[in-house]
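Okay, so here's the structure we're looking at.
In the working numbering, the protein residues as written are 65 to 274.
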């Protein structure tokens with residue numbers, strides 16, 4: 065009689081996977097998130113960080129703010145890519161965090177509170193700002209597949225649809241799945257324009273209207 069094949073780790077229920085992930089170092093999360101869409105979703109889930117907090121398994125994570133004449137950029141440090149001397153090998157050790165606003169002030173005062181970094185004041189167009197921005201350290205969404213400007217977006221049936229704002233015809237429309245934290249391009253009509261209204265996506269092209 066043959067023994068049954070061993071159970072695959074990836075086939076375990078999500079609650080057990082989250083339990084396992086909450087017990088290991090965050091330095092392994094980047095590699096684990098690349099193994100499958102489900103792992104990626106669980107790694108970036110706020111529930112994982114809630115579990116870590118409940119277990120007292122909290123590790124320091126370094127956030128870096130890189131200033132330029134035009135704007136400030138935020139990054140997280142991948143500690144697995146630091147060389148033996150304790151220095152960053154190159155900028156690939158840094159994972160960029162998408163800005164929450166195109167008018168994020170430069171050089172704000174920052175303070176960390178639990179899972180959040182408060183960015184207070186700073187300057188916009190060289191003028192003092194009273195703005196307050198909050199950076200949620202538990203989860204960061206991945207970038208879109210193409211750069212866009214003046215695009216349209218809407219939340220439809222649990223997913224974010226983004227249209228236009230690019231000259232790339234194959235990526236004219238893409239969808240962000242909040243559960244899997246992944247972007248998927250959709251087939252795009254030629255010479256189309258779109259509007260998002262009332263929870264529906266209206267696309268107008270030279271040949272069809274839907």
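Cβ atoms here follow ideal geometry from the backbone N, Cα and C, with glycine treated the same way.
Let me check one thing: in DSSP terms, what residues is residue i bridge-paired to?
i	result
residue 191	188
residue 168	Its beta-bridge partners do not exist; DSSP assigns none.
residue 94	Residue 94 is not bridged to any residue.
residue 223	220, 241
residue 182	175, 198
Tell me where the alpha helix (DSSP H) around residue i begins and ends.
i	result
residue 103	101-107
residue 114	110-119
Of all the options the options, which has the alpha carbon lying nearest to the alpha carbon of residue i?
i	options	result
residue 172	190, 114, 228	190
residue 126	116, 115, 139, 83	139
residue 80	94, 111, 92, 99	111
residue 91	217, 192, 122	122
residue 107	207, 118, 89	89
residue 169	136, 78, 251	136
residue 175	217, 87, 158, 200	200
residue 100	207, 229, 133, 246	246
residue 208	86, 240, 82, 251	240
residue 128	219, 251, 183, 196	183
Exposed or buried, which one is residue i when buried takes at least 16 other CB atoms within 10 Å?
i	result
residue 222	exposed
residue 181	buried
residue 161	buried
residue 98	exposed
residue 147	Note that residue 147 scores 49 on pLDDT, short of 50, meaning its location in the model is unreliable and no value can be drawn from it.
Along the chain, where does the beta strand (DSSP E) containing residue i start, and where does it finish?
i	result
residue 125	Counting along the chain, residue 125 falls outside any beta strand (DSSP E), and DSSP gives it neither H nor E.
residue 85	That residue, residue 85, is in no beta strand (DSSP E); its alpha helix (DSSP H) goes 78-85.
residue 212	Counting along the chain, residue 212 falls outside any beta strand (DSSP E), and DSSP gives it neither H nor E.
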